[in-house]
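Visitor:
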Amino acid sequence: DSGVTQTPKHLITATGQRVTLRCSPRSGDLSVYWYQQSLDQGLQFLIQYYNGEERAKGNILERFSAQQFPDLHSELNLSSLELGDSALYFCASSVNPPGAGDTQYFGPGTRLTVL
Amino acid sequence: AQSVTQPDIHITVSEGASLELRCNYSYGATPYLFWYVQSPGQGLQLLLKYFSGDTLVQGIKGFEAEFKRSQSSFNLRKPSVHWSDAAEYFCASKIIFGSGTRLSIRP
Chain D
274 DSGVTQTPKH
284 LITATGQRVT
294 LRCSPRSGDL
304 SVYWYQQSLD
314 QGLQFLIQYY
324 NGEERAKGNI
334 LERFSAQQFP
344 DLHSELNLSS
354 LELGDSALYF
364 CASSVNPPGA
374 GDTQYFGPGT
384 RLTVL
Chain U
3 AQSVTQPDIH
13 ITVSEGASLE
23 LRCNYSYGAT
33 PYLFWYVQSP
43 GQGLQLLLKY
53 FSGDTLVQGI
63 KGFEAEFKRS
73 QSSFNLRKPS
83 VHWSDAAEYF
93 CASKIIFGSG
103 TRLSIRP
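Protein sequence lines correspond, in order, to chains D and U. Using the numbering used here, the first residue of the first sequence is number 274, and each one after it goes up by one. Using the numbering used here, the first residue of the second sequence is number 3, and each one after it goes up by one.
#1: Please compile the residues from chain D whose C-beta is within a distance smaller than 7 Å of the C-beta of U:L58.
#2: Since U:T57 contacts U:F69 with CB under 8 Å, what's their CB separation in whole angstroms?
#3: What is the rounded straight-line gap between the Cα of D:C364 and the Cα of D:G301?
#4: Quick check on DSSP: helix, strand or coil for U:I62?
#5: Assuming contact is defined by CB atoms lying nearer than 7 Å, are D:R336 and D:S352 in contact in what I supplied?
#6: Can you tell me whether U:W37 is buried or exposed, with buried defined as 16 or more other CB within 10 angstroms of its CB?
#7: In angstroms, rounded to a whole number, what distance separates the CA positions of D:T293 and U:N26?
#8: Taking beta-carbon pairs under 9 Å, can you tell me which members of the stretch 309 to 338 of chain D lie near chain U?
#9: Nearest to D:G382 by CA position, among U:G43, U:K51, U:I13, U:G55, is which residue?
#10: Three-state secondary structure (DSSP) at U:Q73?
#11: May I have the straight-line CA-CA distance separating D:L312 from D:L361, to the nearest angstrom?
#12: Starting from the Cα of D:Q310, find the closest Cα among U:P109, U:A3, U:E90, U:R24 and give me that residue.
#13: Measuring straight from C-alpha to C-alpha, what distance separates D:S275 and U:L48?
#14: If you measure from the beta carbon of U:S101 to each beta carbon in chain D, is any gap under 7 Å?
#15: Can you find a C-beta in chain U that's less than 7 Å from the C-beta of D:P381?
#16: Residue ranges of each beta strand (DSSP E) run of no fewer than 3 residues wholly in the stretch 4 to 33 of chain U, ordered along the chain?
#17: Who are the Cβ neighbours of D:L388 in its own chain at under 6 Å, not counting the five residues just before and after it?
#18: Can you pull the chain D neighbours of U:L48, defined as C-beta to C-beta under 9 Å?
#19: On the three-state DSSP scale, how would you describe U:L35?
#20: The stretch 85 to 101 of chain U: which residues have C-beta closer than 9 Å to a C-beta of chain B, in chain order?
#21: Using CA atoms only, rank isn't needed, just tell me which of U:S101, U:F92, U:R108, U:Y29 is closest to U:A67.
#22: Suppose you measure from the CA of U:H12 to the CA of D:T386; what does that come to, to the nearest Å?
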């Protein structure tokens with residue numbers, strides 16, 4: 274158990290819908306990362322927050338957004354869902370700000386299925 | 003651009019045999035390299051990491067990896083694999099992940 278929690282574990286929805294994935298980092302970790310893992314794209318970095326502020330952005334679609342709240346939990350919002358958005362979404366957390374050599378601890382993931 | 007390459011998509015080894023999974027990185031400065039393992043339907047578990055210092059790093063579950071700057075490599079090794087090692091292995095440099103190597107174990 275990494276100490277990172279993600280809810281829900283599974284999510285099934287329809288195209289065009291909007292969903293919210295939630296992540297609680299390890300106690301004491303200030304950085305939260307979001308990743309998408311799909312069969313054709315592998316593990317892709319989406320976005321990173323540090324202490325409530327967006328610090329790095331990867332291959333995140335405009336239909337996707339995220340935020341980190343004052344209690345440091347984070348939410349990833351996916352809207353206008355398409356079949357291709359079906360994937361495993363991972364959250365990871367770490368102690369240090371971006372740029373530092375830091376270890377990320379991964380949550381168990383949320384499996385999103387878009388029908 | 004920074005990249006991490008895992009040339010082997012799938013490797014099968016016999017139980018008790020030695021293992022080496024390859025990883026090459028492309029990065030100018032200190033690469034901060036990691037190996038993770040992922041069992042089916044599970045999250046990623048950190049096996050080991052290299053930031054600086056001794057180029058041979060020891061990890062959990064009997065794994066080790068050697069950083070070779072001249073070859074831009076960070077290969078993962080284990081002297082004797084167990085059936086429970088069957089999983090997907092990912093090499094990463096910070097937020098850049100390789101495509102993974104699936105390890106199967108032959109009884």
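Ideal Cβ positions, reconstructed from N, Cα and C, are used throughout, including at glycine.
Guide: The answer reads as follows:
#1: Residue numbering aside, residue 58 of chain U sits at position 56 when the second sequence is read from its first letter. Under the 7 Å cutoff, chain D gives no residues; its nearest Cβ is about 18 Å from U:L58.
#2: Numbered from its first residue, the second sequence carries residue 57 of chain U at position 55. Numbered from its first residue, the second sequence carries residue 69 of chain U at position 67. Correct: roughly 4 Å between the Cβ atoms.
#3: Residue 364 of chain D sits at position 91 when you count from the first residue of the first sequence. Residue 301 of chain D sits at position 28 when you count from the first residue of the first sequence. Cα to Cα, D:C364 sits roughly 15 Å from D:G301.
#4: Residue numbering aside, residue 62 of chain U sits at position 60 when the second sequence is read from its first letter. Note: U:I62 maps to helix in three-state DSSP.
#5: Within the first sequence, residue 336 of chain D is the residue found at index 63, counting from 1. Within the first sequence, residue 352 of chain D is the residue found at index 79, counting from 1. Yes, the pair counts as a contact, with Cβ atoms nearer than the cut-off.
#6: Here residue 37 of chain U corresponds to residue number 35 of the second sequence, with the count starting at 1. Classification of U:W37: buried, given that the 10 Å Cβ count is 16 or more.
#7: One-based indexing of the first sequence puts residue 293 of chain D at position 20. One-based indexing of the second sequence puts residue 26 of chain U at position 24. Their Cα atoms are separated by approximately 36 Å.
#8: Q310, G315, L316, Q317, F318, Q321, A329, G331
#9: For the purposes of this step, residue 382 of chain D is identified with residue 109 of the first sequence, where counting begins at 1. Cα-wise, what sits closest to D:G382 is U:G43.
#10: On the second sequence, residue 73 of chain U is found 71 positions in, with the first residue counted as 1. Helix, per DSSP.
#11: The residue labelled residue 312 of chain D in the question sits at position 39 within the first sequence. The residue labelled residue 361 of chain D in the question sits at position 88 within the first sequence. Taking the straight line joining both Cα atoms gives about 9 Å.
#12: Indexing the first sequence from 1 puts residue 310 of chain D at position 37. Checking every option, the nearest Cα to that of D:Q310 belongs to U:E90.
#13: By one-based count along the first sequence, residue 275 of chain D stands at place 2. By one-based count along the second sequence, residue 48 of chain U stands at place 46. About 9 Å.
#14: Counting from one through the second sequence, the residue named residue 101 of chain U turns up at place 99. Output row for U:S101: interface = yes.
#15: Here the question's residue 381 of chain D lines up with position 108 in the first sequence. True, the Cβ-Cβ gap to chain U drops below 7 Å.
#16: 5 to 7, 12 to 16, 21 to 23, 26 to 28
#17: In the first sequence, the residue the question calls residue 388 of chain D occupies position 115. Cβ within range, chain order: A287.
#18: Numbered from its first residue, the second sequence carries residue 48 of chain U at position 46. The answer, in chain order, is S275, T376, Q377, Y378, F379.
#19: Start at 1 with the first residue of the second sequence, and residue 35 of chain U comes out as number 33. U:L35 falls in the strand class under three-state DSSP.
#20: Any reference to chain B falls outside this structure, whose protein chains are D and U.
#21: Stepping through the second sequence from its first residue, residue 67 of chain U is reached at position 65. Checked all of U:S101, U:F92, U:R108, U:Y29; the closest Cα to U:A67 is U:F92.
#22: If you number the second sequence from 1, residue 12 of chain U lands on position 10. If you number the first sequence from 1, residue 386 of chain D lands on position 113. Each residue's Cα considered, the two are about 26 Å apart.
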